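Following: one structure in structure tokens, then a few remarks.
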Amino acid sequence: MSKRRQEQVNYRDRADKKLRSVQRQKHLYLALDDWTKGFAIYKIDIDTLDSSSDLDLEPPVLRLVSASPSYPMYFAALGSNIFMASSKHPGTMVYNTETAGLAIGPPLPDGLLGGIKIFVATANMQLYVLKYSFKEMRQSFEVMSAVGIKDPHSSNPSTDWCWTSVPSPLPFSKDGIINSYAMHPDGHTIFMSASSRRYLHRTFSFDTRCQEWRCLGEWALPFQGQGYFDSELDAWGWPSQGWVHLFLPSGFLHRQRYHAT
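Residues in the sequence shown are numbered from 4 upward in steps of one, following my numbering.
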């Protein structure tokens with residue numbers, strides 16, 4: 004092989020390796036309340052999590068001043084966007100991880116103000132939010148959607164995204180507490196486990212395609228808070244103390260779902 008030909012091959016090999024490296028690179032975005040005025044979002048290279056047990060965070064990509072420090076802030080991932088909302092105020096912000104841009108999001112509807120909120124994103128760029136309040140004994144279920152918009156990754160979410168009330172009646176009693184929830188890997192089925200004075204544990208599923216709830220039985224998801232499905236491990240996981248993740252086989256929810264009474 005000629006020297007020129009060999010240089011061309013080596014150049015292509017290096018370019019291909021660089022492209023594959025960029026394509027494989029993944030990042031984790033971590034929101035922390037680590038300063039007195041609000042929150043910070045950090046961008047973490049996932050590869051560093053495997054190579055080091057002592058992780059030194061780079062400077063945050065975004066610092067966000069909390070509108071009401073005594074009230075919690077909520078963060079939810081929706082595609083390449085991070086949706087941020089306060090528990091008290093209707094205003095929202097959206098951080099785009101691809102462009103590093105910050106935009107004003109669609110304001111929360113009145114039904115979602117106050118109380119405790121649960122955010123679940125679907126595969127088709129919809130964000131479902133369930134709010135329940137012990138004080139008011141009220142519940143609200145809303146969905147923020149970009150479906151039907153020509154560009155679902157629009158840089159103007161305040162006008163291109165909209166909220167809609169979910170018409171399906173909620174299956175929880177007014178004093179119900181949502182203990183755990185997860186999105187099925189099919190991208191359209193939401194699981195929620197709840198408890199109340201009348202029943203110790205019950206798990207429900209909500210199909211976002213037909214907008215229907217279903218009671219799966221008197222059992223609970225085996226974790227607190229939000230669970231996640233890891234496609235590489237083919238297993239369910241959830242954060243626990245010390246950032247240790249426990250895992251269940253992928254068929255766990257499937258078996259419980261179809262063997263429920």
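All C-beta atoms, glycine included, are put in the ideal place defined by N, C-alpha and C.
These numbers come from a predicted model, not from an experiment.
- Task: Kindly give me the distance between the Cβ atoms of PHE226 and TRP216, rounded to whole angstroms, as I take these residues to be in contact under 8 angstroms.
- Result: In fact, because the Cβ distance is near 21 angstroms, the residues do not count as touching under 8 angstroms.
- Message: Here's the rule I'm using: 16 or more other beta-carbon atoms within 10 Å means buried, otherwise exposed. How should ALA88 be labelled?
- Response: buried
- Item | 3-residue-minimum beta strand (DSSP E) runs that sit fully inside the segment 72 to 155, ordered along the chain | 76 to 81, 84 to 89, 95 to 99, 104 to 107, 119 to 124, 129 to 136, 141 to 148
- Message: Assuming contact is defined by CB atoms lying nearer than 8 angstroms, are SER198 and GLY230 in contact in what I supplied?
- Response: no
- Reference MET190, options SER171, TYR135, MET140, THR125, closest by Cα: According to the sequence as given, residue 190 is Gly; it is not Met. Considering only alpha carbons, the answer is THR125.
- Message: Check for me: the beta strand (DSSP E) holding PHE175 runs from which residue to which?
- Response: PHE175 -> no beta strand (DSSP E), and no H or E assigned at all.
- Message: In the DSSP output, which residue or residues are listed as bridge partners for CYS218?
- Response: PHE207
- Helix, strand or coil: how does DSSP classify ASP237 here? coil
- Item | Residue range of the unbroken beta strand (DSSP E) whose run includes PHE194 | 192 to 198
- Task: Figure out for me which residue from GLY220, HIS187, LYS46 has the closest Cα to the Cα of ASP210.
- Result: HIS187
- Query: CB-CB under 7 angstroms to HIS262, same chain, minus the five flanking residues each way: which ones, in chain order?
  - Reply: In this prediction, HIS262 has a pLDDT of 40, which is less than 50 and means its spatial position is unreliable; what the coordinates show is noted afterwards. So the list is empty, once near-sequence residues are dropped.
- Message: Does the contact criterion of 3 or more C-beta pairs under 8 angstroms hold for the segment 101 to 117 versus the segment 166 to 186?
- Response: yes
- Message: Starting from LEU65, trace the beta strand (DSSP E) in both directions and tell me its first and last residue.
- Response: 65 to 68
- Query: Going by beta carbon distance, what residues of the same chain come within less than 8 angstroms of THR192, once the five residues before and after it are set aside?
  - Reply: MET186, SER208, PHE209, ASP210, THR211
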